[in-house]
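Trainee: Once you've had a glance at the structure underneath, I'll fire off some questions.
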Amino acid sequence: MPVQAVEDAALIRRSWREPEQFAAVFDRHYDGIHAYADRRLGRSLADDVAAETFLIAFDKREQYDVSRADARPWLFGIASNLIARHHRAEVRQYRALARTGAEEPGEDHADRVASSLDAVAHRNRLAAGLAGLSGADRDVLLLVAWAELTSEEAGRALGIPAGTARSRLHRARKRIQAALGRIDDERS
Amino acid sequence: MMNDLETLREAWGQPEPPAAEVRHAARMALLERASGGPAASAAALGSTSALAPASPGDVRGHAGLLSRAAVDRRLIPARVARRRWAVRALAVAAVAVVATAGLTAVQLHDGPTPAAHAQVVLARAADAAQARSFGEPRPDQWIYTETRTWFHKARDGDTVTARTPLESEAEAAWRRADGELVARDRDGKLEIHNLGGNTPKDYATIAALPTDPEALLALFRESTARREAVVARIRERFAGNEAAPDPVSGDVFTFGLLSTLLSDNLVPPEVEATVFRAMALLPGVTVNEAATDPEGRPALAVSLEAREWLRSELFLDSETFAYRGARETAVRDHTLHNGFFVWRGGESAPSPSPTGGWVIEAGAVYRQSTRTAIAVVDEPGQHP
Numbered sequence: 001m002p003v004q005a006v007e008d009a010a011l012i013r014r015s016w017r018e019p020e021q022f023a024a025v026f027d028r029h030y031d032g033i034h035a036y037a038d039r040r041l042g043r044s045l046a047d048d049v050a051a052e053t054f055l056i057a058f059d060k061r062e063q064y065d066v067s068r069a070d071a072r073p074w075l076f077g078i079a080s081n082l083i084a085r086h087h088r089a090e091v092r093q094y095r096a097l098a099r100t101g102a103e104e105p106g107e108d109h110a111d112r113v114a115s116s117l118d119a120v121a122h123r124n125r126l127a128a129g130l131a132g133l134s135g136a137d138r139d140v141l142l143l144v145a146w147a148e149l150t151s152e153e154a155g156r157a158l159g160i161p162a163g164t165a166r167s168r169l170h171r172a173r174k175r176i177q178a179a180l181g182r183i184d185d186e187r188s
Numbered sequence: 189m190m191n192d193l194e195t196l197r198e199a200w201g202q203p204e205p206p207a208a209e210v211r212h213a214a215r216m217a218l219l220e221r222a223s224g225g226p227a228a229s230a231a232a233l234g235s236t237s238a239l240a241p242a243s244p245g246d247v248r249g250h251a252g253l254l255s256r257a258a259v260d261r262r263l264i265p266a267r268v269a270r271r272r273w274a275v276r277a278l279a280v281a282a283v284a285v286v287a288t289a290g291l292t293a294v295q296l297h298d299g300p301t302p303a304a305h306a307q308v309v310l311a312r313a314a315d316a317a318q319a320r321s322f323g324e325p326r327p328d329q330w331i332y333t334e335t336r337t338w339f340h341k342a343r344d345g346d347t348v349t350a351r352t353p354l355e356s357e358a359e360a361a362w363r364r365a366d367g368e369l370v371a372r373d374r375d376g377k378l379e380i381h382n383l384g385g386n387t388p389k390d391y392a393t394i395a396a397l398p399t400d401p402e403a404l405l406a407l408f409r410e411s412t413a414r415r416e417a418v419v420a421r422i423r424e425r426f427a428g429n430e431a432a433p434d435p436v437s438g439d440v441f442t443f444g445l446l447s448t449l450l451s452d453n454l455v456p457p458e459v460e461a462t463v464f465r466a467m468a469l470l471p472g473v474t475v476n477e478a479a480t481d482p483e484g485r486p487a488l489a490v491s492l493e494a495r496e497w498l499r500s501e502l503f504l505d506s507e508t509f510a511y512r513g514a515r516e517t518a519v520r521d522h523t524l525h526n527g528f529f530v531w532r533g534g535e536s537a538p539s540p541s542p543t544g545g546w547v548i549e550a551g552a553v554y555r556q557s558t559r560t561a562i563a564v565v566d567e568p569g570q571h572p
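This is how it looks when you write it as structure tokens:
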């Protein structure tokens, strides 16, 4: 019998009677949740959101559907709800980015590949596009783009049917493409 | 045009990882909450353990100590875990002589107690263990154990009585004798878990444990002391809150660790005998020769009452004194609080349990487990 890595679901199930086991879920996913919250809200709110996500997840661990091996959709769903509380701060951040224009690549951007410098140059338009999305559409889009969930997983994370998630994603992507398209138009 | 999703990804780039102290604070908050939970005494019931840092290099983790962290990506190399135990054993051996002197003085002062009967029976169990025939496993062989655990999935607001049915779960585990790997059977799949924790997990280390009961006890009390530090911090932070969590600590935790050593491992006769003799040294330990184990079989129970409401029992076969199982039972009505930490401005703050905890009535089993099989096999996944 092949020996394989333990699944999130097994860890969570184990934590039902050995709560300390939940630390393993934290060790696996904290950085990913933090990075996601950081992109959406900035660093300082991300610290709070990421910590709170795991406290809430711990409290809800007995409701986890252990037939789902990967806990990421569940965790990102909890994080999304927390991020939604900071809706205004998030939109404010996108608007600020949209105003500052193509950001001067800071030190932490220095080793980016050339193509991503192009991407950074698009950032103001993207930020404007994100600021203009409804919270619901933005949640799906960013879970797919930044958390790298599938649209089905994003739907599960947000507690909406897969079809709804797909149509929200489609709508959000059209808006973002339009925002990027305008850049191209202006340049041509 | 670049794919819009990729553009989004690249435009924001990968943020800097969280600051180490922020990560640590968040982990501590989680562990504090977890440690106050109803099953905080996991170690007392044959669980593999509850108190290892996520990785041996994570010194900060020692402050938390509450995660067993079965993290596949960070398997603690068995050699490190073993070394840790070996070093501890040496350090403890050095102080054992002093400890022995102190202990004798206390016993003389206290005079004979009802525990004398327990000491007689445990001495008999130790003799029987020592006389047992035993074959050493090869380093590349696997120790197979099969256990069943019963527990309550109670939520705040629930009341658990002696009639409340318990949930149960069976589990098979294979530990390689050289301690390199532990695998567990979950729904027909084997999963690797790390080693580490409060009790040694590999045969070589277990076979090398002190065979002087006081030295063994001192070694296990070191693990308990590390937990005490965390428990003290929780108590301090909840001072003044009625609904403060009350994690297992002290001798009952040590008793649980000794019990776990027997339940999870193939223990050579000398060491098993030493475990029984060490248990006999714990103040307040009693035996009941007419007990019934969780499977309903007649058994010998070794027990310790703790925290004023809980009795912790270890069951041995009444004929052979072989390990059978463990149980924790409420001896008084008790409210269990999970504790509650809220996250405020970058730090967790204690807060009383918002929904009042759950109640366990006197006579109700808190949790129990039995070991249904133990054997040496050649491959993980192989049943005897």
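For the record, the sequence lines run as chains A and B. Quick note on our numbering: the first sequence kicks off at 1 and runs consecutively. Quick note on our numbering: the second sequence kicks off at 189 and runs consecutively. Backbone N, C-alpha and C fix where the C-beta goes; we use that ideal spot for every residue, glycine too.
If you follow the alpha helix (DSSP H) that residue 32(A) is in, where does it begin and where does it stop?
Mentor: The residue you call residue 32(A) lines up with position 32 of the first sequence. Note, residue 32(A): alpha helix (DSSP H), 22 to 41.
Trainee: Would you kindly work out how many angstroms separate the C-alpha atoms of residue 500(B) and residue 30(A), rounded to a whole number?
Mentor: As a position in the second sequence, residue 500(B) is number 312, starting the count at 1. As a position in the first sequence, residue 30(A) is number 30, starting the count at 1. Approximately 35 Å, taken between the alpha carbons.
Trainee: Evaluate contact between the segment 45 to 55 of chain A and the segment 141 to 153 of chain A, counting only Cβ atoms and requiring at least three cross-stretch pairs below 8 Å.
Mentor: Short answer: they don't touch.
Trainee: Kindly say whether residue 83(A), judged by its beta-carbon, lies nearer than 7 Å to any beta-carbon of chain B.
Mentor: Start at 1 with the first residue of the first sequence, and residue 83(A) comes out as number 83. Not closer than 7 Å to any Cβ of chain B, the Cβ of residue 83(A) fails to qualify, so no.
Trainee: Using three-state DSSP, classify residue 397(B) as helix, strand or coil.
Mentor: Here residue 397(B) refers to the residue found at position 209 of the second sequence. Residue 397(B): coil per DSSP, three-state reduction.
Trainee: For chain A, check one thing: does any of its Cβ atoms lie closer than 7 Å to the Cβ of residue 200(B)?
Mentor: Taking the first residue of the second sequence as position 1, residue 200(B) is located at position 12. Interface residue, yes.
Trainee: Please confirm whether residue 409(B) and residue 442(B) have their CB atoms less than 7 Å apart.
Mentor: Working through the second sequence from its first residue, we reach residue 409(B) at position 221. Working through the second sequence from its first residue, we reach residue 442(B) at position 254. Closer than 7 Å, so yes.
Trainee: Please state the DSSP three-state secondary structure of residue 298(B).
Mentor: As a first step, residue 298(B) must be located in the second sequence, where it is residue number 110. Unreliable positioning characterises residue 298(B) in this predicted model, as indicated by a pLDDT of 36, which lies under 50. A coordinate reading is not provided.
Trainee: In the DSSP assignment, the beta strand (DSSP E) including residue 454(B) goes from what residue to what residue?
Mentor: Here residue 454(B) corresponds to residue number 266 of the second sequence, with the count starting at 1. Run containing residue 454(B): none; DSSP gives neither H nor E here.
Trainee: Please state if the CB of residue 482(B) and the CB of residue 515(B) are separated by a distance shorter than 7 Å.
Mentor: What you label residue 515(B) is simply residue 327 of the second sequence in a count that begins at 1. What you label residue 482(B) is simply residue 294 of the second sequence in a count that begins at 1. Cβ atoms of residue 515(B) and residue 482(B): closer than 7 Å.
Trainee: Taking Cβ to Cβ, would you say residue 469(B) is nearer than 7 Å to residue 405(B)?
Mentor: Looking up residue 469(B) in the second sequence gives position 281. Looking up residue 405(B) in the second sequence gives position 217. Going by C-beta atoms, residue 469(B) is nearer than 7 Å to residue 405(B).
Trainee: Under a Cβ-count criterion, where at least 16 other Cβ atoms within 10 Å of its own Cβ denotes burial, should residue 34(A) be classed as buried or exposed?
Mentor: Translated into positions along the first sequence, residue 34(A) becomes position 34. Label assigned to residue 34(A): buried.
Trainee: Candidates 160(A), 93(A) and 123(A): which alpha carbon is nearest residue 73(A)'s?
Mentor: As a first step, residue 73(A) is located in the first sequence; it is residue number 73 there, counting from the start. Checking every option, the nearest Cα to that of residue 73(A) belongs to 160(A).
Trainee: Give the residues from the segment 19 to 30 of chain A that approach chain B closer than 8 Å (Cβ to any Cβ), ordered along the chain.
Mentor: Against chain B - using a Cβ distance shorter than 8 Å - the residues of the segment 19 to 30 of chain A are 19, 20, 21, 22, 23, 24, 26, 27, 28 and 30.
Trainee: Who does residue 486(B) pair with in a DSSP beta bridge?
Mentor: In the second sequence, residue 486(B) corresponds to position 298, counting from 1. Answer by DSSP bridge pairing, in chain order: 480(B).
Trainee: Anyone know if the C-beta pair for residue 523(B) and residue 545(B) falls short of 7 Å?
Mentor: Locating residue 523(B) in the second sequence gives position 335, where the first residue counts as 1. Locating residue 545(B) in the second sequence gives position 357, where the first residue counts as 1. In this structure, residue 545(B) lies closer than 7 Å to residue 523(B) by Cβ.
Trainee: Hey, residue 157(A) and residue 142(A) are a contact pair by Cβ (cut 8 Å); roughly how many whole angstroms apart?
Mentor: As a position in the first sequence, residue 157(A) is number 157, starting the count at 1. As a position in the first sequence, residue 142(A) is number 142, starting the count at 1. The pair is not a contact, with the Cβ atoms about 11 Å apart (cut-off 8 Å).
Trainee: Could you pull the DSSP bridge partners for residue 167(A) from this structure?
Mentor: Here residue 167(A) is taken as the residue at index 167 of the first sequence, counted from 1. BP columns for residue 167(A) are empty, so no partner.
Trainee: Since residue 223(B) meets chain A, which of its residues come closer than 8 Å, beta carbon to beta carbon?
Mentor: Sequence index remark: in the second sequence, residue 223(B) carries index 35 (1-based). Near residue 223(B) (Cβ distances below 8 Å), the residues of chain A are 19 and 20.
Trainee: Taking 6 Å as the limit between beta carbons, can you name the residues of its chain near residue 165(A), skipping five residues before and five after?
Mentor: As a working note, residue 165(A) is residue 165 in the first sequence. Closer than 6 Å at Cβ, skipping near neighbours: 140, 151, 154 and 155.
Trainee: Which of the three DSSP states is assigned to residue 148(A) in this structure?
Mentor: In the first sequence, counting from the first residue as 1, residue 148(A) sits at position 148. Coil, per DSSP.
Trainee: Determine the direct distance from the alpha carbon of residue 547(B) to that of residue 342(B), and round the result to whole angstroms.
Mentor: Counting from 1 along the second sequence, the entry for residue 342(B) is found at position 154. Counting from 1 along the second sequence, the entry for residue 547(B) is found at position 359. Rounded to the nearest angstrom, the two C-alpha atoms are 9 Å apart.
Trainee: Quick one: what's residue 337(B) bridged to in DSSP?
Mentor: Along the second sequence, one-based indexing puts residue 337(B) at 149. Paired residue(s): 357(B) and 557(B).
Trainee: Have a look at the DSSP bridge pairing and note the partners of residue 511(B).
Mentor: Here the question's residue 511(B) lines up with position 323 in the second sequence. Paired residues: 504(B).
Trainee: Where does residue 191(B) land, buried or exposed, given buried means 16+ other C-beta within 10 angstroms?
Mentor: The residue labelled residue 191(B) in the question sits at position 3 within the second sequence. Exposed, since its Cβ has fewer than 16 Cβ neighbours within 10 Å.
Trainee: Hey, is residue 158(A)'s beta-carbon within less than 7 Å of any beta-carbon in chain B?
Mentor: Translated into the one-based positions of the first sequence, residue 158(A) becomes position 158. No, its Cβ sits nowhere closer than 7 Å to a Cβ of chain B.
Trainee: Assuming the contact rule is C-beta atoms closer than 8 Å, residue 41(A) and residue 90(A) should be a hit. Round their C-beta distance to whole Å, please.
Mentor: Your numbering for residue 41(A) matches position 41 in the first sequence. Your numbering for residue 90(A) matches position 90 in the first sequence. Correct: roughly 6 Å between the Cβ atoms.
Trainee: Exposed or buried, which one is residue 389(B) when buried takes at least 16 other CB atoms within 10 Å?
Mentor: Locating residue 389(B) in the second sequence gives position 201, counting from the first residue. The residue is buried, with at least 16 neighbouring Cβ atoms inside 10 Å.
Trainee: Among 19(A), 177(A) and 26(A), which one has its Cα closest to the Cα of residue 128(A)?
Mentor: The residue you call residue 128(A) lines up with position 128 of the first sequence. Comparing Cα positions, the closest option is 177(A).
Trainee: Whole angstroms is fine: what's the gap from residue 66(A)'s alpha carbon to residue 94(A)'s?
Mentor: The sequence position of residue 66(A) within the first sequence is 66, counting from 1. The sequence position of residue 94(A) within the first sequence is 94, counting from 1. Answer to the nearest angstrom: the Cα atoms are 37 Å apart.
Trainee: What residues match up with residue 564(B) in a beta bridge as DSSP calls it?
Mentor: On the second sequence, residue 564(B) is found 376 positions in, with the first residue counted as 1. Paired residues: 331(B).
Trainee: Going along the segment 338 to 355 of chain B in order, which residues come within less than 7 Å of chain A, judged by CB to CB distance?
Mentor: From the segment 338 to 355 of chain B, only 339 and 341 have a Cβ closer than 7 Å to chain A.
Trainee: Given a cut-off of 7 Å, decide if residue 568(B) and residue 396(B) are closer than it, judged by their beta-carbon atoms.
Mentor: For the purposes of this step, residue 396(B) is taken as residue 208 along the second sequence, with counting starting at 1. For the purposes of this step, residue 568(B) is taken as residue 380 along the second sequence, with counting starting at 1. No; because the gap between Cβ atoms is not below 7 Å, this pair is not in contact.
Trainee: Which two residues bound the contiguous alpha helix (DSSP H) that contains residue 200(B)?
Mentor: Indexing the second sequence from 1 puts residue 200(B) at position 12. Note, residue 200(B): alpha helix (DSSP H), 192 to 200.
Trainee: Tell me where the beta strand (DSSP E) around residue 78(A) begins and ends.
Mentor: Numbered from 1 along the first sequence, position 78 holds the residue referred to as residue 78(A). First-last for residue 78(A): 72 to 84, but that is the alpha helix (DSSP H), not the beta strand (DSSP E).
Trainee: With distances taken between CB atoms, is the gap from residue 521(B) to residue 496(B) smaller than 7 Å?
Mentor: Looking up residue 521(B) in the second sequence gives position 333. Looking up residue 496(B) in the second sequence gives position 308. Taking 7 Å as the Cβ cut-off, residue 521(B) and residue 496(B) do not qualify as a contacting pair.
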